[in-house]
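Notes follow the structure.
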Amino acid sequence: MAGASILCATDLSAAGPRTVDLAVAAAKAFGVRLDLVHVLDDADSWWPDSSEIQEAADAAREDTTRYEAALEAKLQEEEARVVAQGVECEAFVARGRPWRLIPELAEQRGSFLITIGPYGSSGRRTVNRKGVTESVIGSTAERVLRAATRPVFVASGDDPIVDGLQGTKWFVGIDFSASALAAVGWAKRAAARVGGELHVANVVIPAGGEDKPDEERTWRQVLRDQSKIEAGLKLADYVREHAPNAQVHQVVSPDYPSHALCEAAEEISADVLVIGTHRQNILGRLLIGSTAARCLRIAPMPVLMVPESAR
Numbered sequence: 049m050a051g052a053s054i055l056c057a058t059d060l061s062a063a064g065p066r067t068v069d070l071a072v073a074a075a076k077a078f079g080v081r082l083d084l085v086h087v088l089d090d091a092d093s094w095w096p097d098s099s100e101i102q103e104a105a106d107a108a109r110e111d112t113t114r115y116e117a118a119l120e121a122k123l124q125e126e127e128a129r130v131v132a133q134g135v136e137c138e139a140f141v142a143r144g145r146p147w148r149l150i151p152e153l154a155e156q157r158g159s160f161l162i163t164i165g166p167y168g169s170s171g172r173r174t175v176n177r178k179g180v181t182e183s184v185i186g187s188t189a190e191r192v193l194r195a196a197t198r199p200v201f202v203a204s205g206d207d208p209i210v211d212g213l214q215g216t217k218w219f220v221g222i223d224f225s226a227s228a229l230a231a232v233g234w235a236k237r238a239a240a241r242v243g244g245e246l247h248v249a250n251v252v253i254p255a256g257g258e259d260k261p262d263e264e265r266t267w268r269q270v271l272r273d274q275s276k277i278e279a280g281l282k283l284a285d286y287v288r289e290h291a292p293n294a295q296v297h298q299v300v301s302p303d304y305p306s307h308a309l310c311e312a313a314e315e316i317s318a319d320v321l322v323i324g325t326h327r328q329n330i331l332g333r334l335l336i337g338s339t340a341a342r343c344l345r346i347a348p349m350p351v352l353m354v355p356e357s358a359r
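Whatever position you read off the sequence shown (first residue = 1), add 48 for the numbering used here.
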């Protein structure tokens, strides 16, 4: 991958070091350069042109200059930390709307992977939905995922990041779509690169409703059993064709597929959860799949989001 790079966007918040650590691990794994960027939002840089408030505007500009200098210094510290770990790095500050500029920079600099944090300077916030604690994903991360044509590695969760991703477990959730195939391809290459394990899982929501311990065997139970068998055969054929060395997991659950996937990944101590993203409905690039979005909010480990176009 000579000349290739990974683009890591850091907001220099308390969560920033985890994002950089994930990017460093990926850069070591793939043997590439790391481009480290902090984007100053242009929306915060506008000053009214009026003689009546000129003095106040000048003072505000001076404050902004000092603020930018402090950001530059902090970014240089992160660059030094990256270089000390043996990874070539170029750090810079850019101006623009972060959600738009980050994907554009990845295109311009030939980055094959983007690394971002799941939430911004406001910190991590959670909500409880149906007994499951979910993180509230920051608007910048969500918008980057919608706009990016490159895979996006999100430093979600709290699980430790393995140095260089060596020997890691890559857990791919599939739904037999084109985006799932792209995710399997990416995970297969990554796992092989780091001497890791590849796991492929499909969530089956059985026809006929949920099993009940005291239920007599009826046509509903027959339907459930048949749907599991058919889904298992389809999964086995799929893995045999696209990822013959992968370990196979059929996850049967009436719950959200996202919850079932994350629980299954956690059970085997997966280091990375890989999900394919696809565009939906007439809005196209403005939406990502609901399963992918929910996985991002609840996964305890980093999540690699692979768009359908990223083969």
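Note that beta-carbon positions come from the ideal geometry of N, C-alpha and C, so glycine has one too. No experiment lies behind these values; they were computed from the predicted model shown.
Spatial distance of Pro151 from Arg145 (CA atoms): 11 Å
So, using beta-carbon positions, are Glu127 and Ala139 closer together than 8 Å? yes
Can you list, in chain order, the residues of its chain with a C-beta nearer than 7 Å to that of Arg241? Leave out the 5 residues immediately preceding and following it. Ala77 and Phe78
Cα-Cα separation, Asn293 to Gly221: 16 Å
Taking 8 Å as the limit between beta carbons, can you name the residues of its chain near Gly244, skipping five residues before and five after? Leu213, Gln214, Gly215, Thr216, Lys217, Trp218, Ala238 and Asp319
What whole-angstrom Cβ distance do Ala340 and Gly205 have, given they're in contact under 8 Å? About 15 Å separates the two Cβ atoms, so there is no contact after all.
Please name the residue, chosen from Glu155, Tyr167 and Gly280, that lies closest to Arg66 on a Cα-to-Cα basis. Tyr167
Is the CB-CB distance between Ala249 and Val299 below 8 Å? yes
Cβ-based burial, Arg342 [other Cβ within 10 Å; buried from 16]: buried
Whether Ala52 touches Gly158 by CB criterion (8 Å): yes
Have a look at Ser227, Val296, Ala284 and Asp285 and flag the residue whose alpha-carbon is nearest the alpha-carbon of Gly324. Ser227
Can you list, in chain order, the stretches of the beta strand (DSSP E) that have 3 or more residues and sit fully within the segment 117 to 161? 137 to 143
Can you tell me whether Phe78 is helix, strand or coil according to DSSP? helix
Residue range of the unbroken alpha helix (DSSP H) whose run includes Glu245: Per DSSP, Glu245 belongs to no alpha helix (DSSP H); it is in the beta strand (DSSP E), Glu245 to Val252.
Would you tell me roughly how many angstroms separate the C-alpha atoms of Ala279 and Ser338, rounded to the nearest one? 21 Å
From Met353 to Phe201, what does the alpha carbon distance come to, in whole angstroms? 6 Å
Can you look up Gly64 in the DSSP assignment and give me helix, strand or coil? helix
Can you grab the Cα-Cα spacing for the pair Ser61 / Asp273, in whole Å? 50 Å
Using the beta-carbon count (16 or more within 10 Å), is Ile209 buried or exposed? buried
Going by beta carbon distance, what residues of the same chain come within less than 8 Å of Ile307, once the five residues before and after it are set aside? First, the amino acid is wrong: residue 307 is His here, not Ile. Val180, Ser301, Arg342 and Ile346.
Per the DSSP calculation, Gln298 is bridged to which residue(s)? Asn250
Can you list, in chain order, the stretches of the beta strand (DSSP E) that have 3 or more residues and sit fully within the segment 303 to 327? 320 to 325
Hey, quick one: how far does the beta strand (DSSP E) through Ser53 stretch, first residue to last? Ser53 to Ala57
Tell me the rounded alpha-carbon separation between Arg268 and Leu82. 54 Å
Which residue from Glu136, Trp147, Val131 and Asp89 puts its Cα closest to that of Leu119? Asp89
Less than 8 Å between the beta carbons of Phe160 and Arg198, yes or no? yes
Neighbourhood of Tyr304 by C-beta, 7 Å cutoff - its chain only, sequence neighbours within 5 removed: Arg342
Does Val85 pass the burial test, meaning 16 or more other C-beta atoms within 10 Å, or should it be called exposed? buried
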